[in-house]
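**Q** One line per chain: the protein sequences are P and S, in this order. All residue numbers for the first sequence refer to my numbering, where the first residue is -8 and numbers rise by one. All residue numbers for the second sequence refer to my numbering, where the first residue is -8 and numbers rise by one. Below: one structure in C-alpha cells.
2 protein chains.
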Amino acid sequence: MYALAIHGGAGDLPREPFTTAREAAYRRGLAQALAAGQRLLEHDGCALDAVQAAVTALEDDPLFNAGRGAVLSADGTAELDAAIMDGTDLRAGAVAQLRHIRNPVQLARAVLEDGSQVFLVGDGAESFARQAGLALVDNDYFITPDRRQQFEALKLRQTQANSGVSTPLLSLDEPPLGTVGAVARDGAGRLAAATSTGGIAGKRSGRVGDSPVIGAGTYADNHTCAVSTTGHGEWFLRTVQAYDISARLRYGGYSLANAVSEAIVQRLSGLGAAGGLIAVDRLGEIVTRHNTPIMFRASVREGEAAAVDIY
Amino acid sequence: MYALAIHGGAGDLPREPFTTAREAAYRRGLAQALAAGQRLLEHDGCALDAVQAAVTALEDDPLFNAGRGAVLSADGTAELDAAIMDGTDLRAGAVAQLRHIRNPVQLARAVLEDGSQVFLVGDGAESFARQAGLALVDNDYFITPDRRQQFEALKLRQTQANSGVSTPLLSLDEPPLGTVGAVARDGAGRLAAATSTGGIAGKRSGRVGDSPVIGAGTYADNHTCAVSTTGHGEWFLRTVQAYDISARLRYGGYSLANAVSEAIVQRLSGLGAAGGLIAVDRLGEIVTRHNTPIMFRASVREGEAAAVDIY
Chain P
-8 MYALAIHGGA GDLPREPFTT AREAAYRRGL AQALAAGQRL LEHDGCALDA
42 VQAAVTALED DPLFNAGRGA VLSADGTAEL DAAIMDGTDL RAGAVAQLRH
92 IRNPVQLARA VLEDGSQVFL VGDGAESFAR QAGLALVDND YFITPDRRQQ
142 FEALKLRQTQ ANSGVSTPLL SLDEPPLGTV GAVARDGAGR LAAATSTGGI
192 AGKRSGRVGD SPVIGAGTYA DNHTCAVSTT GHGEWFLRTV QAYDISARLR
242 YGGYSLANAV SEAIVQRLSG LGAAGGLIAV DRLGEIVTRH NTPIMFRASV
292 REGEAAAVDI Y
Chain S
-8 MYALAIHGGA GDLPREPFTT AREAAYRRGL AQALAAGQRL LEHDGCALDA
42 VQAAVTALED DPLFNAGRGA VLSADGTAEL DAAIMDGTDL RAGAVAQLRH
92 IRNPVQLARA VLEDGSQVFL VGDGAESFAR QAGLALVDND YFITPDRRQQ
142 FEALKLRQTQ ANSGVSTPLL SLDEPPLGTV GAVARDGAGR LAAATSTGGI
192 AGKRSGRVGD SPVIGAGTYA DNHTCAVSTT GHGEWFLRTV QAYDISARLR
242 YGGYSLANAV SEAIVQRLSG LGAAGGLIAV DRLGEIVTRH NTPIMFRASV
292 REGEAAAVDI Y
C-alpha cells in the first residue's frame, strides 16, 4: 500500500490578504504536486522518484518558497537548498547555497546517485551540476514580483529601524512560509523523503537552514519512517528533528503519531520554536503536525481520496 | 567532576614511515591540546570554553588535518569546516567551506554566540567573520609542505589512472586521518562538543563532510552526552551518528559504552564505514571507540592521570 504526503511550509498566514482565490491557488498547487508523485506510485514507481516528482512540482510553482518563487537573501539574490534521502540504503544527497540550479531537488538526487559525496555547497555544487547535465538558469529566474516586493518592504523596515546600519535583514517576524517537502512509502515498502527551500526572507547570505541537512530537515529509513520538516530551521538543526522522530521509533518504541506529537507539541513548543513536519512510517501511516497557525499540506494513501489542508 | 576527551582523527597509519619521532610528535600535540582544555576545567571554566581551547590547539598544530595542516581539495586549496555545540541550551554554531579563517572553531563559536543562525557557509560565513573581528589569513597559511606533497602525489596518481580526465581526486584510499574534535563535561555538569576538519584529501571543492553538521559529526546535550566523530564522513552523515548516540541514551536507556559499541562496532562496521568517535556522558564517563587501525586520542578526568593513545 503506497502513501504520500507533501507540505508547502508552516507558519503564519501570508501577510497579503488571504483571499478565497489565493487560497484556491495554494490548494491547486498542492493537489497538482501530490498528483505528480501519486502517478508514479500508482504505476509501481519507487518512493524516491515520487518525492522527487512532488518536490519538483512545488519548486516550479511560484507560490512556494523553493525553486521559482524563493525568498530573497539580504543581498537580494535567491539562495536555494535541498536534500533527498532513500530509506532503503540510506543513500542521500544534500545541496545548499545554490544560485543557478533550476530544480535544487534534482541536483540533490544527482548527488545521491553519484554517491561519492552526500553534501555539496556553493560553486562546487554548481560545477557538479554542470557535469551532471542539469539545467542552470540566471538567478532572476527564481525571483517573482511578489518576492521582489517583499524584499523591498523588508529593506525599508530595516533602514527605518536601524537608521541605515547594514546588517542582515533576518526578519523572523516575516512568515517563513513556503519551504516544500515530501515523504512517501511505495508499494514495495520503500521510504523516501525530500525537502527544498529558499530559506528565510532577508537571511544573511550563506545561512543554511535545516532543510538540506540530513537528520535535521530530511531523513528516511525503511525500518522506521521518512520525515520532512518546515519552520524555524535553527531549532530543527539544534534538535536534529527529522532523525529524532526516527530514533524515537527505533529506540523508544514510539508509534509515529506519539513520536511526532511529543516532538512538535511538547518539545519544540517548549523551546519556543515554530514549525511542523510530515512523516510516513513503514506501514504507510501518515502523520502531519504543526504548532503554527497554518501548514500547507496534502496527502493520499492507496485506495483513499486525496486530502488538501491548510489550517 | 570534570572530564575531557579529544581526538586527532581515525584511519590507517600515515603513509609516510611512522617513526618513533613522528609518533612522539603526535603524542606531544595531543597532550598539549588536552592540557589547553584541562587548564580551563581545573579553574572552573565551562565545557564550551574547554572544547574550543583544545580544538584551537589542534587546529594550530600542523600535524592534524584542521586549521593549519589541512589537506587540499581537488582544486589545490584548503577548505575548512567546524562546529561547536553547548549542551546546556542546545546553542550551536557550524561553519563550512572556509578558506581564510585561521581558526574555524572560533568562527563556529562566534556563530553560536550571535545566535541568529546556526549554520553559515562560504563567503557569507567569512563576511560574518570579518564583522565579528576574527583573524583572516591567506589560504597559503593552512598549506604545509607535507600537504602540498600529498596533493601532488594524488594528482599524479589520478592523471595516471584517468589519462588526464578531470574528475575530483576524491581518494578514499588516502587515509582520512586528522580531523580533530573534543568533548567535555565541566564541574557544573555542562556538556559541550566541537569538531574541526579540512575534509578528505582531493575532495571535490564544495564537499562538506559530517564534522560541521550538528547531529552527524558534533552533538551535545546535558541530559545525555557530547559526541565528536571522525572518519568516513559520508556514512556519519547518513547515520546521523553523533545524535544517534544521544538518542540511544535518551530513548533506548543505553549506557554510553553500549551505545557507542553498537553504533561503531556493529552498525557502522556492518555498513562498511570506517571511523571512530569520542563521547562523554552527563556523569563524566568517557568512551572512545574506532574500527580503524588507529585513532589519535587523549583524555583526562578530574583527579586522574591523562592518557594519550594511538592504536
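Heads up, the beta-carbon is just placed ideally off N, CA and C, and yes, glycines get one too. Note that the structure is predicted; figures quoted are calculated from it, not measured.
(1) What does Thr209(P) reach in chain S if we use C-beta pairs closer than 9 angstroms?
(2) In the structure shown, what three-state DSSP assignment does Phe55(P) receive?
(3) Quick check on the DSSP output: the alpha helix (DSSP H) that includes Ala15(P) runs from which residue to which?
(4) By Cβ distance below 6 angstroms, which residues in the same chain neighbour Ala211(S) in space, the five residues on each side in sequence not counted?
(5) Does the Cβ-Cβ distance between Gly189(S) and Asn56(S) come in under 8 angstroms?
(6) Just to confirm, is the Cβ distance from Leu49(P) to Ile(-3)(P) under 8 angstroms?
(7) Is there at least one Cβ from chain S nearer than 8 angstroms to Thr135(P)'s Cβ?
(8) Considering only the alpha carbon of each residue, which of Gly(-1)(S), Asp201(S), Thr11(S) lies closest to Ala22(S)?
(9) Looking only at C-alpha atoms, which of Gly169(P), Ala116(P), Gly224(P) sits nearest to Leu125(P)?
(10) If distances are taken between C-alpha atoms only, which option among Ala152(P), Asp72(P), Ile191(P) comes closest to Phe142(P)?
(11) Using CA atoms only, rank isn't needed, just tell me which of Thr150(P), Thr220(P), Arg82(P) is closest to Thr279(P).
(12) Is it buried or exposed for Arg13(P), if we count other Cβ within 10 angstroms and need 16 for buried?
(13) Could you tell me whether the segment 250 to 265 of chain P touches the segment 221 to 228 of chain P, using the rule of 3 or more Cβ pairs below 8 angstroms?
(14) Report whether the distance from the Cβ of Gln232(S) to the nearest heavy atom of the ligand GDP is below 7 angstroms.
(15) For Thr68(P), go through chain S and note every residue whose CB falls closer than 9 angstroms to its CB, in chain order.
(16) What span of residues does the alpha helix (DSSP H) with Asp105(P) cover, start to end?
(17) Beta carbon of Gly67(S), beta carbon of Asp114(P): below 8 angstroms?
(18) Kindly identify the DSSP beta-bridge partner or partners of Leu127(S).
(19) Output the distance between the C-alpha atoms of Leu54(P) and Ala179(P), rounded to the nearest integer angstrom.
(20) Could you check the C-alpha separation between Leu(-5)(S) and Tyr234(S) for me, to the nearest Å?
(21) Using 8 angstroms as the threshold, is the segment 30 to 42 of chain S in touch with the segment 135 to 150 of chain S, meaning 3 or more CB pairs across them?
(22) Checking the sheet assignment: what are the DSSP bridge partners for Phe287(S)?
(23) Mind pulling the beta strand (DSSP E) runs of 3 or more residues that sit fully within the segment 159 to 233 of chain P?
(24) Quick one: what's got a C-beta closer than 8 angstroms to Ala101(S)'s C-beta in the same chain, skipping five residues either side?
(25) Between which two residues does the alpha helix (DSSP H) carrying Asp114(P) extend?
(26) Apply the 10 Å Cβ neighbour rule to Gln43(P) and answer buried if 16 or more other Cβ atoms are within range, or exposed otherwise.
(27) Given a limit of 9 angstroms on CB to CB distance, which residues of the segment 195 to 220 of chain P reach chain S?
(28) Identify which residue in Thr47(S), Leu228(S), Asp272(S), Ala152(S) has its Cα closest to the Cα of Ser107(P).
(29) Taking Val204(P) as the reference, which of Ala16(P), Leu111(P), Gly2(P) has the closest Cα?
(30) Taking the continuous beta strand (DSSP E) assigned at Phe270(S), which residues delimit it?
(31) Return the CA-CA distance between Ala61(S) and Glu70(S), expressed in angstroms with no decimal places.
(32) Near Cys37(P), what residues of its chain come up, given a Cβ to Cβ distance below 7 angstroms and the 5 sequence neighbours on each side ignored?
(33) If you compare alpha carbons, which of Ala16(P), Thr283(P), Glu253(P), Tyr302(P) is closest to Gly2(P)?
(34) Work out the CA separation of Ala144(P) and Ala303(S) for me, nearest whole Å.
(35) How about Gln97(P): is its C-beta nearer than 8 angstroms to some C-beta of chain S?
(36) Please name the residues in the segment 76 to 95 of chain P whose beta-carbon is closer than 7 angstroms to at least one beta-carbon of chain S, in chain order.
**A** Looking at the coordinates:
(1) Result: empty, since nearest Cβ-Cβ is about 11 angstroms, beyond 9 angstroms.
(2) coil
(3) 11 to 33
(4) Met76, Gly78, Leu182, Ala183, Ala184, Ala217
(5) yes
(6) yes
(7) no
(8) Gly(-1)(S)
(9) Ala116(P)
(10) Ile191(P)
(11) Thr220(P)
(12) exposed
(13) yes
(14) Here there are no bound small molecules, and the ligand GDP is not part of this structure.
(15) Correct list: empty, because the minimum Cβ distance to chain S is about 11 angstroms.
(16) 95 to 105
(17) no
(18) Ile92(S)
(19) 33 angstroms
(20) 19 angstroms
(21) no
(22) Paired residue(s): none; Phe287(S) is not in a bridge.
(23) 171 to 176, 182 to 188, 209 to 211, 216 to 222
(24) Gly84, Phe119, Ala120, Ala123, Leu125
(25) 113 to 122
(26) buried
(27) Arg195, Ser196, Gly197, Arg198, Val199, Gly200, Asp201, Val204, Ile205, Gly206, Ala207, Tyr210
(28) Leu228(S)
(29) Leu111(P)
(30) Here residue 270(S) turns out to be Ala, not Phe, going by the sequence shown. That run of the beta strand (DSSP E) goes 266 to 272.
(31) 8 angstroms
(32) Asp177, Arg181
(33) Thr283(P)
(34) Missing from the structure shown is residue 303(S); chain S here goes from -8 to 302 and no further.
(35) no
(36) Leu81, Ala83, Ala87, Gln88
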